[in-house]
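As they're listed, the protein sequences go chains A and B. When we follow this note's numbering, the leftmost residue of the first sequence carries the number 55, and every step to the right adds one. When we follow this note's numbering, the leftmost residue of the second sequence carries the number 17, and every step to the right adds one. Don't be surprised by glycine CBs; every beta carbon is placed ideally from N, CA and C. Input: a single structure, listed below in structure tokens.
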Amino acid sequence: AQTVTQSQPEMSVQEAETVTLSCTYDTSENNYYLFWYKQPPSRQMILVIRQEAYKQQNATENRFSVNFQKAAKSFSLKISDSQLGDTAMYFCAFKIPENSGGSNYKLTFGKGTLLTVNP
Amino acid sequence: NAGVTQTPKFRILKIGQSMTLQCTQDMNHNYMYWYRQDPGMGLKLIYYSVGAGITDKGEVPNGYNVSRSTTEDFPLRLELAAPSQTSVYFCASSSVGRTEAFFGQGTRLTVV
Numbered sequence: 055a056q057t058v059t060q061s062q063p064e065m066s067v068q069e070a071e072t073v074t075l076s077c078t079y080d081t082s083e084n085n086y087y088l089f090w091y092k093q094p095p096s097r098q099m100i101l102v103i104r105q106e107a108y109k110q111q112n113a114t115e116n117r118f119s120v121n122f123q124k125a126a127k128s129f130s131l132k133i134s135d136s137q138l139g140d141t142a143m144y145f146c147a148f149k150i151p152e153n154s155g156g157s158n159y160k161l162t163f164g165k166g167t168l169l170t171v172n173p
Numbered sequence: 017n018a019g020v021t022q023t024p025k026f027r028i029l030k031i032g033q034s035m036t037l038q039c040t041q042d043m044n045h046n047y048m049y050w051y052r053q054d055p056g057m058g059l060k061l062i063y064y065s066v067g068a069g070i071t072d073k074g075e076v077p078n079g080y081n082v083s084r085s086t087t088e089d090f091p092l093r094l095e096l097a098a099p100s101q102t103s104v105y106f107c108a109s110s111s112v113g114r115t116e117a118f119f120g121q122g123t124r125l126t127v128v
């Protein structure tokens, strides 16, 4: 079974600064996907960024980037130029592809990191 | 552009009552999921479905039932509600070839 661990329950950062959220996972699979989801106070789950395990290049989406270390099973999220609207709960999640031949393709979530951006 | 639609958004139930949480998606996704989110916790999978007529248990299925008679709909049934089922419930869907899951806006359920 897959597990996802987020060791930072809460973090805070000043507006315009950079913050890194940590995530580690455990799996015996070689092909999988990793995600960061954002959950603002509205409760909506919003995809921030995704990484395919077979890609060595780290994914980036504007101010959001990841540091994917496959051997270490680490997947951290870096937010640059933090904005007040980035205040939210951030969840790291893991999934194997639906067409992998198995049945364990559900999204497995970490417990989340509550990020507060201070003005 | 509705995506995944859940109803209701909020509900208060008395212990022992039953209810159905509705979930509909208009993206023709094969896979649908029900998660619950307890305070300070990540999302835990209750049930999932790989297509119409096929459902399977997730991590925390006790006290719940699902059905999938169409591709679009995946209702979650709570029988004999208990305080331990107080939570926020999310429905999600995904498809082969699209890696991410799309989520509904959640249902906040309180059992008193």
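Contact with chain A by B/Arg124, beta-carbon distance below 9 Å
yes
B/Asp42 and B/Gly74: beta carbons closer than 9 Å?
no
Of the residues B/Phe106, B/Asn44, B/Val128 and B/Pro99, which one's Cα is nearest the Cα of B/Val9?
Chain B is shown from 17 up to 128; residue 9 of chain B falls before or after that span and cannot be answered.
Let me know the secondary structure DSSP gives B/Gln101 once reduced to three states.
helix
Residues of the stretch 80 to 107 of chain A whose Cβ lies closer than 9 Å to any Cβ of chain B, in chain order:
Tyr87, Phe89, Tyr91, Gln93, Ser96, Arg97, Gln98, Met99, Ile100, Leu101, Arg104 and Glu106
Who are the neighbours of B/Gln121 on chain A, taking C-beta pairs under 7 Å?
Arg97 and Gln98
Taking the alpha-carbon positions, what's the B/Arg124 to B/Phe106 distance?
9 Å
Can you tell me whether A/Gly139 is buried or exposed, with buried defined as 16 or more other CB within 10 angstroms of its CB?
exposed
Excluding five sequence neighbours on each side, which residues of the same chain lie with their C-beta closer than 8 Å to the C-beta of B/Leu61?
Tyr49, Trp50, Tyr51, Gly74, Glu75 and Val76
Start and end residues, beta strand (DSSP E) containing A/Met143:
Ala142 to Lys149
Within its chain, find whatever has a CB closer than 7 Å to the CB of A/Gln62; leave out the 5 residues flanking it on each side and keep chain order.
Leu75, Ser76 and Thr167
Are the beta-carbon atoms of B/Tyr115 and A/Lys132 separated by less than 9 Å?
According to the sequence displayed, residue 115 of chain B carries Thr and not Tyr. No.
What in chain B is Cβ-close to A/Lys160, meaning under 8 Å?
Tyr49, Leu61, Tyr64 and Gly74
As a quick exercise: from B/Pro91, B/Phe118, B/Ser103 and B/Ala98, pick the residue whose alpha carbon is nearest that of B/Val37.
One detail in the question is off: residue 37 of chain B reads as Leu in this sequence, not Val. It is B/Pro91.
Taking only beta-carbon positions, decide if B/Phe90 is within less than 9 Å of chain A.
no
What distance in whole Å lies between the Cβ atoms of B/Val128 and B/Lys30, which are believed to be in contact at a cut-off of 8 Å?
6 Å
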